[in-house]
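Undergrad:
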Ligand SMILES: Cc1ncc(COP(=O)(O)O)c(C=O)c1O
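Residue numbers (the numbering used here): 185 to 562.
Here it is in structure tokens:
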């Protein structure tokens, strides 16, 4: 099946009992069993729920993995995946990783005894130099957040294979429509499904997809033991959102490309970070490993006062945390996605106080441009 067909029919079969084309929502915590020695497929809904299973299979199919697991948030998926490791283990992590992941690794997991080294993952030599005998995985985001840096996934996979360690990729910004890290040899893909996968800014959810069934089994054990599962109502909303993933991503990124080109021409804009621009340092690598630049871009403005005016004055894009919804969202990484990162760390990573991130929604791009032009075209 081609991707668009798989979105509609993959992992979400028509209900065999009544023929409902929309997957039933099994709002139950437990399942009655027939007899002492004949238990059915489901017993308790933390361990398995048919609505969640339909979603998990759909996402696993799209990412081309063996096992997909749905969690109560992106952070729950990330934290549950990190539980694959043990105190004394070490991870090499891209330096501008999502702020919540940085916080999780640098506080809770650090206290537990898991070490992480944050490096510029665009530099494969820097990744290699950070690997120690106790390193168990490379943890990557490409494009990264909020500086939209590109990591060469095939080079990372080759490096990980040399050291017998895992490659984990947070694929939130791209979605499997634009990039499938498991096909490039990565081991686990993670998502904040809150973003493009659901796409409508009405659910918090997360996913982990493993390429290998054995690794999938270990993750499934953690999902059940740790228990941060996604509820059936939310699973159904994401199943519905997924159906339009292809058409949404196509529209989102066509508008993002137009807006990036316009921003580049504005005198008040010092720099645009978007992998659809040929001058982006990761342009060639991104083009090789994905089928499009996506819909998230960042830009630096001339000064802080203008940054404040734009963020507070724009009417069409919500000034908000998050991304990937049908509505455009303008956010301020220093106080939002990366607020959990100490100011000195943020500065060192190049996340300035004039940096703005835009998630381009499904509005007409001309309207979005006209709205921003009130502040930038002066
Ligand atoms: C790249 C990335 N990964 C993970 C997360 C965490 O996901 P959630 O907010 O669904 O817990 C986010 C949230 O913004 C994110 O942007």
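Glycine included, every Cβ here is placed at the ideal spot set by N, Cα and C.
#1: Going by alpha carbons, who is nearest to residue 292 out of 429, 350, 267, 309?
#2: Across the stretch 389 to 408 and the stretch 435 to 448, are there enough close Cβ pairs to call them in contact, namely three or more that are closer than 8 Å?
#3: Unbroken alpha helix (DSSP H) runs of length 4 or more, entirely within the stretch 305 to 362: which are they?
#4: If residue 211 and residue 416 are in contact, beta carbons under 8 Å, what's the gap, nearest whole angstrom?
#5: Among the residues of its own chain, which have a CB less than 7 Å from the CB of residue 446, if the five just before and after it don't count?
#6: Closest to residue 458 by C-alpha separation, out of 332, 301, 499, would be which residue?
#7: Taking the alpha carbon of residue 190 as the reference point, which residue from 198, 246, 475 has its own alpha carbon closest?
#8: Helix, strand or coil for residue 467, going by three-state DSSP, please let me know.
#9: Under 6 Å Cβ to Cβ from residue 320, same chain only, skipping five residues before and after it: list those, please.
#10: So is the beta-carbon of residue 357 under 7 Å away from any non-hydrogen atom of ligand 1?
#11: Go ahead and pull the three-state DSSP assignment for residue 449.
#12: Does the beta carbon of residue 282 fall short of 7 Å from some heavy atom of ligand 1?
#13: First and last residue of the alpha helix (DSSP H) that includes residue 193?
#14: Assuming residue 264 is part of the alpha helix (DSSP H), what are its boundary residues?
#15: Could you say if the stretch 534 to 542 and the stretch 490 to 499 meet the contact criterion of at least three C-beta pairs nearer than 8 Å?
#16: If you reduce the DSSP assignment to three classes, tell me which class residue 247 lands in.
#17: For residue 265 and residue 303, I'd like the C-alpha separation in whole angstroms.
#18: Find out if the Cβ-Cβ distance for the pair residue 431, residue 479 is shorter than 8 Å.
TA: Let me lay it out:
#1: For residue 292, the closest of 429, 350, 267, 309 by C-alpha to C-alpha distance is 267.
#2: No, they do not touch.
#3: Secondary structure remark: continuous alpha helix (DSSP H) runs of at least 4 residues inside the stretch 305 to 362, in chain order: 308 to 314, 337 to 347, 359 to 362.
#4: In this structure residue 211 is in contact with residue 416, their Cβ atoms being roughly 6 Å apart against a cut-off of 8 Å.
#5: Only 553 meet the Cβ criterion.
#6: Answer by Cα proximity: 332.
#7: Of the candidates 198, 246, 475, the residue whose Cα lies closest to the Cα of residue 190 is 246.
#8: Here residue 467 sits in helix by DSSP.
#9: The answer, listed in chain order, is 269, 273, 349.
#10: Within the chosen limit of 7 Å, ligand 1 reaches the beta carbon of residue 357 through at least one heavy atom.
#11: Here residue 449 carries a coil assignment [DSSP, helix/strand/coil].
#12: Here the distance from the Cβ of residue 282 to the nearest heavy atom of ligand 1 is below 7 Å.
#13: Start and end: 187 to 193.
#14: Run containing residue 264: 258 to 266, per the alpha helix (DSSP H) assignment.
#15: Touching, yes.
#16: The three-state reading of DSSP puts residue 247 in helix, counting H, G and I together.
#17: Rounded to whole angstroms, residue 265 to residue 303 spans 20 Å at the Cα level.
#18: Between residue 431 and residue 479, the C-beta gap is not smaller than 8 Å, which leaves the two residues out of contact.
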